[in-house]
Structures are given as structure tokens and as C-alpha cells.
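S.K.:
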Amino acid sequence: DGGLKHLTTTALEDDKKLSAIEDAYARHAPHNEHSEEDIAIIRELFSRESLGFSYSKSNIIRGIVKTNRALGMSLLMQVEGSQAHQHLHELFLIAANDDLFPINSISEEFIDHLLSILGPIPTIEDHWVQEFLAKVIKIYPRKVISLFTSRIEFAVKNEDWQTRPVPHGPYRSSDFNLLSLQDGPQILDQLLDWSLGFINDYAFDYRFGELVEALCHPFDENITNALRKWVEQGEQDRLHVLKLAIREAQNDFVFNQKEFVIWALGYAQSYGEDALKDLSSTMYFIGISGMRSGVPGEPFQQDINLAKNSERILSKLPRFHPSYKLYSALFEHANAEIDRQKEEGRILDEEDEC
500 DGGLKHLTTT ALEDDKKLSA IEDAYARHAP HNEHSEEDIA IIRELFSRES LGFSYSKSNI
560 IRGIVKTNRA LGMSLLMQVE GSQAHQHLHE LFLIAANDDL FPINSISEEF IDHLLSILGP
620 IPTIEDHWVQ EFLAKVIKIY PRKVISLFTS RIEFAVKNED WQTRPVPHGP YRSSDFNLLS
680 LQDGPQILDQ LLDWSLGFIN DYAFDYRFGE LVEALCHPFD ENITNALRKW VEQGEQDRLH
740 VLKLAIREAQ NDFVFNQKEF VIWALGYAQS YGEDALKDLS STMYFIGISG MRSGVPGEPF
800 QQDINLAKNS ERILSKLPRF HPSYKLYSAL FEHANAEIDR QKEEGRILDE EDEC
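Residue numbers (the numbering used here): 500 to 853.
(1) Relative to the C-alpha of L778, which residue among I787, K656, L764 and S788 is closest?
(2) So what does R641 bridge to, in DSSP terms?
(3) Between which two residues does the alpha helix (DSSP H) carrying V753 extend?
(4) Closer than 7 Å by C-beta to T508: which residues in its own chain qualify, once you throw out the five before and the five after it? Chain order, please.
(5) Who are the near neighbours of E630 in its chain, counting only those whose CB is closer than 6 Å to its CB and skipping five residues on each side?
(6) Which stretch, first to last residue, makes up the alpha helix (DSSP H) that contains P727?
(7) Is it right to say S822 is buried, meaning 16 or more other beta carbons lie within 10 angstroms of its own, or is it exposed?
(8) Have a look at L813, P664 and R561 and flag the residue whose alpha-carbon is nearest the alpha-carbon of E532.
(9) Exposed or buried, which one is A569 when buried takes at least 16 other CB atoms within 10 Å?
(10) Give me the Cα-Cα distance between W729 and F591, rounded to the nearest whole angstrom.
(11) Go through the stretch 570-598 residue by residue and report every complete run of the alpha helix (DSSP H) that reaches 4 residues or more, in order.
(12) Does R791 come out as helix, strand or coil in the three-state DSSP assignment?
(13) What is the residue span of the alpha helix (DSSP H) that Q661 lies within?
(14) By the three-class DSSP mapping on this structure, what secondary structure does D838 have?
(15) Mind checking I698: buried by the 16 CB within 10 Å criterion, or exposed?
(16) Could you check how far apart the C-beta atoms of E589 and F552 are, in whole angstroms? I think they sit under 8 Å.
(17) Roughly how many angstroms lie between the CA atoms of G501 and A523, to the nearest whole one?
(18) Taking the straight line between their C-alpha atoms, what separation do you get for S769 and L775?
(19) Measuring alpha carbon to alpha carbon, tell me which of W627, K556, L743 and L825 ends up nearest W693.
(20) Is the distance from the Cβ of S792 to the Cβ of L813 below 8 Å?
(21) What are the complete alpha helix (DSSP H) segments, minimum 4 residues, inside the stretch 652-714?
(22) Count the C-beta pairs between the stretch 631-640 and the stretch 598-614 that are closer than 8 Å, then say yes if the count reaches three, no if not.
(23) Leaving aside the five residues before and after S606 along the sequence, list all residues of the same chain whose C-beta is less than 7 Å from its C-beta, in chain order.
(24) Output the boundary residues of the alpha helix (DSSP H) element that contains Q801.
(25) Using the beta-carbon count (16 or more within 10 Å), is S780 buried or exposed?
(26) Roughly how many whole angstroms lie between the Cα atoms of V891 and L680?
(27) Identify every run of the beta strand (DSSP E) within the stretch 735-781, keeping only runs that are complete inside it and at least 3 residues long; order them along the chain.
(28) Distance check for N558 and F707, CA to CA, integer angstroms please.
(29) Does T622 come out as helix, strand or coil in the three-state DSSP assignment?
(30) Would DSSP call E831 helix, strand or coil?
(31) Could you check whether I745 and I686 sit closer than 8 Å to each other, using their CB atoms as the reference points?
(32) Under the three-state reduction of DSSP, which class applies to I636: helix, strand or coil?
(33) What are the boundary residues of the alpha helix (DSSP H) that includes S604?
(34) Measuring CA to CA, which of V665, Q582, K642 and I593 is closest to I610?
(35) Taking the alpha helix (DSSP H) that N558 belongs to, which residues open and close that run?
(36) Going by beta-carbon coordinates alone, are R671 and T622 separated by less than 8 Å?
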């Protein structure tokens, strides 16, 4: 340790020597708090962008936060710009760690700094980035929402289809559970209001559906109740937003939330056949979405379930109700797919016999 505390100016100007010093601090953390001289040297190590955010730096922070969490946050906040983007995984692996940085112990300044790093990156797919956001949203939900909406607005304005503004569907590894938060329903209402400013913007339509899926998956009665209440307080343009909000729902949505589906299609009909057809089409594609898997030549279980669930609901619906056509179309689609698989099986059997 004595050698570390008597660095020469030459050593501080030499990246190779600094790297060796960094490794030494990572391997030999003091039992008590670091001295002021140690801290000055460590800050110098973190200020050198040429050294990158190495595994050694991760270990230094892990050691420091045991006695001085504020210093650990301060050091992480020195990592910025291209250095932060190049080492995103390593940076958020530490920041998301509840043992190192419990959410109630980290500063708002620390959170703001890390969120600012995420603004310009192409995607938010890294698991530890998402875990950090899932942690922050519990305390500062509007900060996370602001990050997502600003990324969406940027992508829409610049017609940028390469950027994925929010982690949704297969790109989402963490749950954000917006509606489980105290202010969640109010925030969802504000997001729905915000979307009204982008009516009929094709690029926004897709982004908004992805946002709602990211924040509210899985779609259950909490979101359907919130959507119904919001839609009934406005005009037809809210029906368009409803369609966007549910477009990324899981395929069992049309069955598990059938009361909502029946209400929504009845409500859409009050605005005319075009409005009904538009919403019905969205719900149809929700119902038939998802991967199919099974044995070649045999009906997929997903299609068997689709047929059974559709038939069950049809048996209780009056034929004149607007939702009857939806479930009838789903039933027909499922049976057509079942017949197609059976026909492929018959052809395979004939080929085996030849």
C-alpha cells in the first residue's frame, strides 16, 4: 500500500502504470475507509477515459461502497460519454445491484446521471440496464417514463426505425409493472393524453403500442379498467389510442379479457362500421399472434386452444353482437390452420409409404 500512496507525476501520466495501480486497488481494498490520498488516486483512475471502465474498476467500487456508498456513486458518475456507452453492461451491472446500491440509498443526482447515459443509445436491451430501470421506476416513475417518451419522440421525429426506444416484447427481460405503483393509473392517463398529439402518425402508432406493452405487460383487468375509464371520458380519437395501446397484448388477451373486448367493440360500433372494423381487426391479429410449435403434420396446440376458446365464447354471445364476428373469425382461422396441419400430415404419411 505504501507504494500506492507515493506515486510520482510520471506514474500518473503513464496509462500502463495507472492500469497496474488500478489492478492493485482492485485486489487489495483496505479494511477501513480509504485515505484521502487513496481517494485522490482512485478519482484520477476513474477520470482517465483511455483506461475504460474495466473489471478492476468494478471491483474497486464494490470495495468502496462497503464503507462509503456516496463515494461509490460519485465515482460511477465520473463515467460518462463514449466510455459509458462502451461499458454499458458493466456499469449497470453495478448500479442495478441492490446490495451495493439499494434504491432508497441512492441520490437523485446519481439516478439522473445514469438515465442521461441511456438517452442516445440505440436500444435498451441489456438485462442490467432494464433491472436498473425497474428499480428506479418504483421510486421515480416519471423519470423512467420521461426517458422512454423522449426516446420515442426522437425516433418518430427523425423517422429512425433502427432505434428501439423501449424494451418491449422479446427485447424486454424485466417487468416494470406501472399499474402496480401508487401513481401508475394517473401516469397511464397522462401517457394516453400525450398520445393524442400524435394521432395518425404511422411511426408513432407502433412505438406507442410498444411503450404500453413494456410498462403494463401482462395485459390484465387493471389496464383494461384504466383504458375503459379513459376512453369513455372523451371522443372517437380516444378509440384510436385504445387500439394502439392494446396492439402488443399477449394473444390470450381476447379471451382472458373478453368482457372488455365485448364492451370495446360495442362502444366502437356506436361510432360507425369503420371504427368497429378498425378495432376488430386489431383484436383479430392479437388473437392469432404468437409462435406455433409442435409435431410436423399434427395440429398445433395453440390453434386447438384458439378454436376451443373461440367456440366457448361464441356459444354465449348473441349473433347480432359486434364481437360475434371477431370470435367467429378466430374460430374459422383456428380450424383452417388445424385442417392445414392435418393435410400436411396426410402428405407426409403418403411420402413415407412411397
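Glycine included, C-beta positions come from ideal geometry on N, C-alpha and C.
M.R.: Let me lay it out:
(1) Working through the sequence shown from its first residue, we reach residue 778 at position 279. Out of I787, K656, L764 and S788, L764 has the C-alpha closest to the C-alpha of L778.
(2) Looking up residue 641 in the sequence shown gives position 142. Note: R641 sits in no beta bridge, so no partner.
(3) By 1-based counting over the sequence shown, the position of residue 753 is 254. V753 -> alpha helix (DSSP H) spans F752 to N755.
(4) Position 9 of the sequence shown, counted from the first residue, corresponds to residue 508. Unreliable positioning characterises T508 in this predicted model, as indicated by a pLDDT of 47, which lies under 50. A coordinate reading is not provided.
(5) Working through the sequence shown from its first residue, we reach residue 630 at position 131. The answer, listed in chain order, is A595 and S673.
(6) For the purposes of this step, residue 727 is taken as the residue at position 228 of the sequence shown. In the sequence on display, residue 727 carries Arg and not Pro. First-last of the alpha helix (DSSP H) with R727: E720 to V730.
(7) As a position in the sequence shown, residue 822 is number 323, starting the count at 1. Buried, because 16 or more other Cβ atoms sit within 10 Å of the Cβ of S822.
(8) As a working note, residue 532 is residue 33 in the sequence shown. Comparing Cα positions, the closest option is R561.
(9) As a working note, residue 569 is residue 70 in the sequence shown. Exposed: under 16 other Cβ atoms inside 10 Å.
(10) Here the question's residue 729 lines up with position 230 in the sequence shown. Here the question's residue 591 lines up with position 92 in the sequence shown. W729 and F591: Cα-Cα distance of roughly 36 Å.
(11) 580-585 and 587-594
(12) Residue mapping note: residue 791 aligns to position 292 of the sequence shown, counting from 1. Note: R791 maps to coil in three-state DSSP.
(13) As a working mapping, residue 661 is identified with position 162 in the sequence shown. Neither: Q661 is in no alpha helix (DSSP H) and is coded neither H nor E.
(14) Here residue 838 corresponds to residue number 339 of the sequence shown, with the count starting at 1. Of the three classes helix, strand and coil, the one that applies to D838 here is helix, per DSSP.
(15) For this step, residue 698 is matched to residue 199 along the sequence shown. Answer is exposed; the Cβ neighbour count stays below 16.
(16) Indexing the sequence shown from 1 puts residue 589 at position 90. Indexing the sequence shown from 1 puts residue 552 at position 53. Contact holds; Cβ gap of about 6 Å.
(17) The residue labelled residue 501 in the question sits at position 2 within the sequence shown. The residue labelled residue 523 in the question sits at position 24 within the sequence shown. Note that G501 scores a pLDDT of 47, beneath 50, so its modelled location is shaky; the value from the coordinates is reported in the next line. Approximately 12 Å, taken between the alpha carbons.
(18) Locating residue 769 in the sequence shown gives position 270, counting from the first residue. Locating residue 775 in the sequence shown gives position 276, counting from the first residue. Answer to the nearest angstrom: the Cα atoms are 8 Å apart.
(19) On the sequence shown, position 194 is the one that residue 693 refers to. Comparing Cα positions, the closest option is L743.
(20) Reading the sequence shown from its first residue, position 293 is the one you call residue 792. Reading the sequence shown from its first residue, position 314 is the one you call residue 813. Not closer than 8 Å, so no.
(21) Taking only runs of at least 4 residues, the alpha helix (DSSP H) segments lying wholly in the stretch 652-714 are 683-694.
(22) yes
(23) Translated into the one-based positions of the sequence shown, residue 606 becomes position 107. Excluding residues within five positions, the ones whose Cβ falls inside 7 Å are M572.
(24) Taking the sequence shown and counting its residues from 1, the one referred to as residue 801 is at position 302. Q800 to L813 is the span of the alpha helix (DSSP H), which, as asked, contains Q801.
(25) For the purposes of this step, residue 780 is identified with residue 281 of the sequence shown, where counting begins at 1. The residue is exposed, with fewer than 16 neighbouring Cβ atoms inside 10 Å.
(26) In this structure the chain extends from 500 to 853, so residue 891 is not present and cannot be described.
(27) none
(28) To locate residue 707, count along the sequence shown from 1; it is residue 208. To locate residue 558, count along the sequence shown from 1; it is residue 59. C-alpha separation (whole angstroms): 39 Å.
(29) Locating residue 622 in the sequence shown gives position 123, where the first residue counts as 1. Three-state DSSP puts T622 in a strand.
(30) If you number the sequence shown from 1, residue 831 lands on position 332. Three-state result, E831: helix.
(31) Here residue 686 refers to the residue found at position 187 of the sequence shown. Here residue 745 refers to the residue found at position 246 of the sequence shown. Taking 8 Å as the Cβ cut-off, I686 and I745 do not qualify as a contacting pair.
(32) Here residue 636 refers to the residue found at position 137 of the sequence shown. Here I636 sits in coil by DSSP.
(33) What you label residue 604 is simply residue 105 of the sequence shown in a count that begins at 1. No alpha helix (DSSP H) contains S604, which DSSP labels as neither H nor E.
(34) Within the sequence shown, numbered from 1, the residue matching residue 610 stands at position 111. Nearest of V665, Q582, K642 and I593 to I610, Cα basis: K642.
(35) Here residue 558 refers to the residue found at position 59 when the sequence shown is read from its first residue. Judged by DSSP secondary structure, N558 falls within the alpha helix (DSSP H) whose first and last residues are Y554 to I563.
(36) Mapped onto the sequence shown, residue 671 falls at position 172. Mapped onto the sequence shown, residue 622 falls at position 123. No, these two residues do not count as a Cβ contact at 8 Å.
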